[in-house]
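S.K.:
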Amino acid sequence: MTQEKESLVAVLMGSKSDWDTMKTCSETLAKFGVPHESHVMSAHRSPKLAADFASNAESRGIEVIIGAAGGAAHLAGVLAAHTTLPVLGVPMKSDALKGLDSLLSTVQMPAGIPVASLAIGKAGATNAALFAIAILANSRPELKEKLREFRAEQEKKIRETTLD
121 MTQEKESLVA
131 VLMGSKSDWD
141 TMKTCSETLA
151 KFGVPHESHV
161 MSAHRSPKLA
171 ADFASNAESR
181 GIEVIIGAAG
191 GAAHLAGVLA
201 AHTTLPVLGV
211 PMKSDALKGL
221 DSLLSTVQMP
231 AGIPVASLAI
241 GKAGATNAAL
251 FAIAILANSR
261 PELKEKLREF
271 RAEQEKKIRE
281 TTLD
């Protein structure tokens, strides 16, 4: 996947097939100029890799982790258990239950280890990036301004929308 020298955000997914959805997250971060990296690691097939990544993320300069997985695999929860950094969970659409299984495994974290849960699929991937940007913007005025401009542009498009 992608890796930049000094990343602020890590975008992690449970399998390569999740990249079709999560590249939207990466593209949104890139649009805002946020250095990030993307990797595949599994909560169940590579638990040590996931634990090690989360445990060392802060010392590498990562400030926000985005974890995406499908089914009952809860990568975001495993990552959150190994770091105090904010972890944002993106449930992936699944064949069996159309992502409801993914959503429930992400949103049902026990008290004490929080994971911010977003929408299933591409909307969640985009919003995870925007949420990470909002977190980073609290200490970066230039990023806060970009976020304000983005929101103003969204509003402008709606206000200019006409119907036949």
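The working numbering puts the sequence shown at residues 121 to 284.
C-beta: ideal position from N, C-alpha, C; glycine also.
1. Using the C-alpha atoms, what's the distance from ALA189 back to ALA163?
2. Can you confirm whether the segment 190-197 touches the segment 261-268 when touching is taken to mean that 3 or more C-beta pairs between the two stretches lie within less than 8 angstroms?
3. For SER175, which residues of its own chain have a beta-carbon under 7 angstroms away from its beta-carbon, when the five flanking residues on both sides are left out?
4. Looking at VAL131: is its Cβ nearer than 7 angstroms to the Cβ of CYS145?
5. Give the secondary structure of GLU126 by DSSP, where H, G and I count as helix, E and B as strand, and everything else as coil.
6. May I ask which residues mark the beginning and end of the alpha helix (DSSP H) holding VAL65?
7. As a quick exercise: from ASN258, MET229, LYS218 and THR282, pick the residue whose alpha carbon is nearest that of LEU208.
8. With DSSP collapsed to three states, give me the class of VAL184.
M.R.: Quick look at the numbers:
1. Looking at the backbone, the Cα of ALA163 and that of ALA189 are separated by about 9 angstroms.
2. Result no; under three Cβ-Cβ pairs closer than 8 angstroms.
3. Excluding positions up to five away in sequence, the list reads HIS202 and THR203.
4. Note that the C-beta distance between VAL131 and CYS145 is below 7 angstroms.
5. GLU126 sits in coil when the DSSP states are folded into three classes, being neither helix nor strand.
6. Outside the displayed range of the chain (121 to 284) lies residue 65, so it cannot be described from this structure.
7. Nearest option by C-alpha distance: MET229.
8. DSSP places VAL184 in strand when its eight states are reduced to three.
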